[in-house]
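Residue numbers (the working numbering): 115 to 899.
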């Protein structure tokens, strides 16, 4: 058996692929493909019909960055105010735009802690803005309301609120539009949109803005348009385009507003600090000027002595340097007193003004940046938040570092001042002759000059800071406002339909492929030709008639014509040879041997021949039963008795003139041994003299060896193969009979052919006899009688 399986596998593997036959095989299941396409395309249309479409909403903004191109902002006009000089990093701006705190502020301003859905038969549709029939004005929202849904049914100016309690019970409460609704989870007022107060069922959902902001940040995409430009594209995919457009538009607006607020807050703190210092300096300068006026009036002085002009010129340079150092020391003292003051603990440190020290400038800048970050965080969190406490600790450390740095700078300036004063002392001996009044007046003028220069310096810086505050502009400029695409991105109609078509074709294809791959039965003629070289005589189509006899003189059905065609092919196949005794056998029971024997005999009888059918299947006889004849006496009686004659056992078939039948008789206990007796030959020889054709309906050779006992008496063998019933491996038996010549002149007949077996239907057409189809098809005009 293993050798037969191996041979079967090798024959199937060696067969080249016939594309036309393969296509024809699948076309036989066209109705499967049609059903698959109908279901898949129908499911696709239902999916597209009831799936909420999602649209892509995008817009572009320009980040004003000096590094990416020329900028003409007002900040360039005040380069000396280093606190207003900023260098923007595009990646930092992207992170700011995608920050949860910024998104939470946007959602809060738009009032998106509530969503509205119009209840539908299949799915609920979210409505937004003017399309929402009602709007809930939230007064108080508890955390228990988050992700809670309530149903509103509007009836004119009244509505019913339907909610589910913890026990799962549905409760209904009547209210009026505009009336405050107080529930344990929320307090809100429901107002109706104009012209939209018809009766509707609306679902309201409450959201936690923190979770909602996180969800929208995940959907938000911020990417540079290209690496050489500071243009960002903001995009988002959402089922409600108008809501996404509002979110992106408000996001850009809030981003610009926060940037302007940060700049204005820094400028305002600087102006406040300078105003405070100017107030003190105005008083001090006024006092000094009064002292000069009083001193000159008391001493009646009008001009400086000409005798000291030469010495004063030499000392003027030192005095100038001493004045500049004094200004710097005074500025440092002012900043130090501002830092030490506890009231200014969380206020921006003013600019270092004329102090050109990189370390001090870096510390102050870092201090102000952290302070601004603290202000941003406090908008959404409490002061006891760990992040705020961390920033407070850093600010305290920076304040200490600034104080230490200020002290170090001041000590250095004081040392320099002492050196200058020492050098200036060299000229004191030269001016000792200057009148005491002149010298005292000079000291007073020196103090006046210092105060006046400091006053003018601070006044100039105040004007610059005020002008910078007035001309503060946003960090970005909108190039393309957020706008939704007209075609939804999800679901993609073409892709869904393409997938549906692929599934509609692929699923039936895979089923057919697996079915054919697992099918171990003969399903088409090619299966037979692959395994055995036994000639194929013809095929018999499937019969829907329950009667076993389908061939009659007045019948012209396709199956009747196919038997006539087999009769003609049999004539050509045995041309020039005696063909009286025809053995009908098969691989297994149920392949239609008896049916074929009856109708072949009828077909031969209709051609004017005298034909007899012998029921040599002594184990499971069906011939006489199918012909509706008695089977009480038959072959088994003749083989065991010496008194019975053949003529007494033969019965005529009334429906077909010239057709006779000899039944099997009672089932014997030893049919194989009985068929080996000499009386079988005597029976055949007797019938040969009386009949033109003898058809032997024998048992299947694949199950019992009875048919081989009849081999010496037969002229030809018709081996019945039934479509979708005979196993492919059983064809090896037919090949063995053909190759080993165990039975005379074996030929195959393919029974029970249907369209799915690749059979050609039509009157007068069939397969001609030949070795693997060597003969061409014969049509009615040649073969049919």
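C-beta atoms are modelled at their ideal positions from N, C-alpha and C, and glycine is treated no differently.
Model, not experiment: these values are computed from the prediction.
Inset, instruction - Following the continuous alpha helix (DSSP H) through residue 790, name the residue where it begins and the one where it ends. - result: No alpha helix (DSSP H) contains residue 790, which DSSP labels as neither H nor E.
Legend entry - Cα-Cα separation between residue 796 and residue 803, rounded to whole angstroms: 11 Å
Legend entry - Under 7 Å between C-beta atoms of residue 247 and residue 294: no
Inset, instruction - Compute the Euclidean distance between the alpha carbons of residue 280 and residue 300, then round it to the nearest angstrom. - result: 16 Å
Legend entry - Backbone secondary structure at residue 852 - three-state DSSP: helix
Inset, instruction - Could you please give the first and the last residue of the uninterrupted alpha helix (DSSP H) stretch that includes residue 619? - result: 607–632
Legend entry - Assigned exposure category for residue 164 - 16 Cβ within 10 Å defines buried: exposed
Inset, instruction - Assign residue 396 to one of two classes, buried (16 or more other C-beta atoms within 10 Å of its C-beta) or exposed (fewer than that). - result: exposed
Inset, instruction - Starting from residue 730, follow its DSSP beta bridges and name the residues at the other end. - result: Its beta-bridge partners do not exist; DSSP assigns none.
Inset, instruction - Could you name the residues that DSSP lists as bridge partners for residue 173? - result: 348
Legend entry - Distance between residue 504 and residue 497 (C-alpha atoms, nearest Å): 11 Å
Legend entry - For residue 832, the three-state DSSP class (helix, strand or coil): strand
Inset, instruction - Report yes if the CB atom of residue 368 is closer than 7 Å to the CB atom of residue 211, and no otherwise. - result: no
Inset, instruction - Tell whether a beta-carbon distance below 7 Å holds between residue 327 and residue 249. - result: no
Inset, instruction - Mind checking which residues open and close the alpha helix (DSSP H) that includes residue 472? - result: 472–492
Legend entry - Reference residue 732, options 653, 719, 285 and 813, closest by Cα: 813
Inset, instruction - Please confirm whether residue 730 and residue 810 have their CB atoms less than 7 Å apart. - result: yes
Legend entry - Sufficient close CB pairs (3 or more, under 8 Å) joining the region 338–345 to the region 270–279: no
Legend entry - Spatially closest choice to residue 464 from 387, 320 and 740, by CA coordinates: 387
Inset, instruction - Classify residue 510 as buried or exposed, calling it buried when 16 or more other Cβ atoms lie within 10 Å of its own Cβ. - result: exposed
Inset, instruction - Mind checking who residue 232 pairs with in its DSSP beta bridge? - result: 239 and 316
Legend entry - Span of the beta strand (DSSP E), counted from its first residue to its last, around residue 57: Here the chain comprises residues numbered 115 to 899, so residue 57 is not present and cannot be evaluated.
Inset, instruction - Name, in chain order, the residues that DSSP records as bridge partners for residue 860. - result: 831
Legend entry - As assigned by DSSP and simplified to three states, the class of residue 601: coil
Inset, instruction - Assign residue 321 to buried or exposed, taking buried as 16 or more other Cβ atoms, counted over all protein chains shown, within 10 Å of its Cβ. - result: buried
Inset, instruction - Taking only runs that begin and end inside the region 682–727, name each unbroken beta strand (DSSP E) of 3 or more residues, in chain order. - result: 695–700
Legend entry - Element boundaries [alpha helix (DSSP H), containing residue 222]: 214–224
Inset, instruction - Report the rounded CA-to-CA distance for residue 678 versus residue 819, giving the unit in angstroms. - result: 30 Å
Legend entry - Per DSSP, the bridge partner or partners of residue 321: DSSP output for residue 321 lists no bridge partner at all.
Inset, instruction - Apply the 10 Å Cβ neighbour rule to residue 704 and answer buried if 16 or more other Cβ atoms are within range, or exposed otherwise. - result: exposed
Inset, instruction - Decide if residue 670 is buried, meaning its Cβ has at least 16 other Cβ atoms within 10 Å, or exposed. - result: exposed
Legend entry - Pick from 768, 841, 751 and 502 that is closest to residue 784, judged by C-alpha positions: 751
Inset, instruction - Taking 7 Å as the cut-off, decide whether the C-beta atoms of residue 462 and residue 485 are in contact. - result: yes
Inset, instruction - List the endpoints of the continuous alpha helix (DSSP H) containing residue 740. - result: 737–740
Inset, instruction - With a 10 Å radius around its C-beta and 16 neighbouring C-beta atoms as the bar for buried, classify residue 624 as buried or exposed. - result: exposed
Legend entry - Alpha carbon of residue 487 to alpha carbon of residue 481, nearest angstrom: 10 Å
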